[in-house]
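Peer 1: Going by the UniProt record's numbering, 89 is the number at position 89 of the sequence shown; the sequence numbering is gapless.
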Amino acid sequence: DIGDIIRGKDLFLGYTKKDEKEKEKVQKNLRRIFNEIYKKMEEPAKSHYSGDSSDFYKLREDWWALNRKEVWKAITCKAKNDAEYFRKKDSDGKHCSVQNCKCVDGDPPTNLDYVPQHLR
Numbered sequence: 001d002i003g004d005i006i007r008g009k010d011l012f013l014g015y016t017k018k019d020e021k022e023k024e025k026v027q028k029n030l031r032r033i034f035n036e037i038y039k040k041m042e043e044p045a046k047s048h049y050s051g052d053s054s055d056f057y058k059l060r061e062d063w064w065a066l067n068r069k070e071v072w073k074a075i076t077c078k079a080k081n082d083a084e085y086f087r088k089k090d091s092d093g094k095h096c097s098v099q100n101c102k103c104v105d106g107d108p109p110t111n112l113d114y115v116p117q118h119l120r
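(1) For E20, collect the residues of the same chain with a Cβ closer than 8 angstroms to its Cβ; drop the 5 residues on either side in sequence, then sort them by chain order.
(2) Between the Cα of G8 and those of K28, K17 and K18, spot the shortest distance and give me the residue it belongs to.
(3) Tell me whether T76 sits in a helix, a strand or coil according to DSSP, three-state version.
(4) Specify, as a first and last residue, the run of the alpha helix (DSSP H) that N81 falls within.
(5) Using only alpha-carbon positions, find the residue among C77, V71, N67 and W63 that is nearest to N35.
(6) Specify the secondary structure class of Y15 as computed by DSSP and reduced to three states.
(7) Any idea what DSSP makes of G51, helix, strand or coil?
(8) Got a sec? Which residues, its chain only, sit under 7 angstroms from D52 by beta carbon, not counting five neighbours each side?
(9) Which residue's Cα is closest to the Cα of D55: K78, V26 and A74?
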């Protein structure tokens, strides 16, 4: 899942050594990207993340919380009207539409981001 990958919580290691190397390459790039984001921050935001590890897990978590809706929009922007997401209701029991992979209220159906992968 994209949210897990960005937040550094993806449990899938891959099927082969090549998969593992590719996953590490992605994580290395994400560490570089979030390091650049951190460097460009100004106070007090920068000090908020000063205790974060070099993996920037706290910053990544916060970035995902702020941007997950936009990421979903980017993924689904060209979705056809009959494109379906795998579930008909969100975690609140609200019906999701079958158009453009979005819920009726326009929210992305990414509520499962915060459910541990092994429970999904």
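Backbone N, C-alpha and C fix where the C-beta goes; we use that ideal spot for every residue, glycine too.
All values reported here derive from a predicted model rather than from experimental measurement.
Peer 2: Result, derived from the coordinates:
(1) A distance below 8 angstroms between beta-carbons, with the five flanking residues on each side excluded, links E20 to the following residues of its chain, in chain order: L13 and G14.
(2) That would be K28, whose Cα lies nearest to the Cα of G8.
(3) Helix.
(4) Neither: N81 is in no alpha helix (DSSP H) and is coded neither H nor E.
(5) Nearest C-alpha to N35: W63.
(6) It is coil, neither helix nor strand.
(7) Note: G51 maps to coil in three-state DSSP.
(8) Hits under 7 angstroms: K58 and L59.
(9) Measuring from the Cα of D55, the nearest candidate turns out to be V26.
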